[in-house]
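I have placed the structure first, in the form of structure tokens, so that the comments after it can refer back to it.
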Amino acid sequence: MRAGVIADTHMSGGRRRLPDRCVEILTGCDLILHAGDIMSLEALAEIEAVGPPLRAVTGNMDGWELRERLPDMEELELEGARLAMVHDAGPSAGRLARLRRMFPDAQAVVFGHSHIPLHERDGGFQIFNPGSPTERRRSPRHTMGIATIEAGAVEFELVFLD
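In the numbering used here, the protein residues as written are 163 to 324.
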């Protein structure tokens with residue numbers, strides 16, 4: 163299974179769209195994972211329209227209408243692997259251990275919030291922030307991720323969009 167991983171798209175009021183390269187990659191995936199800060203129901207619909215099924219969690223910028231439809235955090239069983247999603251993973255100090263405690267049964271946790279890509283491992287546990295395809299902030303480039311999930315294992319790849 164191949165999952166496109168995005169976060170922090172901040173698409174509200176039609177001012178921002180997913181980059182063409184991001185849409186192209188997502189279209190070729192079996193699943194889209196979004197780690198929050200979608201911003202509006204219209205943006206949610208735009209991402210859903212890309213094609214593959216979407217699993218998403220809410221972020222701190224998502225309003226009540228998204229909070230009624232999406233969970234704050236989620237754990238998924240995919241191809242024998244347990245993958246969790248949450249938007250804000252807290253301060254960088256102790257993040258890996260904190261997420262391991264929050265999701266003790268997960269092999270991997272996808273998160274967002276900082277707009278800064280990150281991939282850390284500790285033994286069989288890993289955390290991944292895909293950055294943002296639309297609002298890079300302090301990150302030098304627009305990014306997203308691809309998760310390849312097979313036979314109980316998860317591998318992440320960071321994709322530069324510009």
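Backbone N, C-alpha and C define an ideal beta-carbon position, used for all residues, glycine too.
Three-state secondary structure assigned by DSSP to residue i
i	result
residue 244	strand
residue 235	strand
residue 263	helix
residue 209	helix
residue 164	strand
residue 311	strand
residue 258	helix
residue 194	strand
residue 229	helix
residue 183	helix
Residues near residue i by beta carbon distance below 6 Å, same chain, minus five either side
i	result
residue 312	241
residue 188	166, 194, 212
residue 246	237, 265, 268, 271
residue 301	277, 278, 293
residue 206	200
residue 287	262
residue 220	198, 228, 229, 232, 234
Residue i at chain C interface by Cβ criterion, 8 Å
i	result
residue 293	Here there is only one protein chain, and chain C is not present.
Residues near residue i by beta carbon distance below 7 Å, same chain, minus five either side
i	result
residue 244	237, 267, 268, 269
residue 258	282, 284, 289
Identity of the residues DSSP links to residue i by a beta bridge
i	result
residue 291	280
residue 320	307
residue 271	246, 289
Neighbourhood of residue i by C-beta distance below 8 Å, restricted to the same chain and skipping five residues each side
i	result
residue 222	198, 199, 249, 250, 275
| message | Would the segment 222 to 239 count as touching the segment 176 to 187 if we require 3 or more Cβ pairs under 8 Å? | response | no
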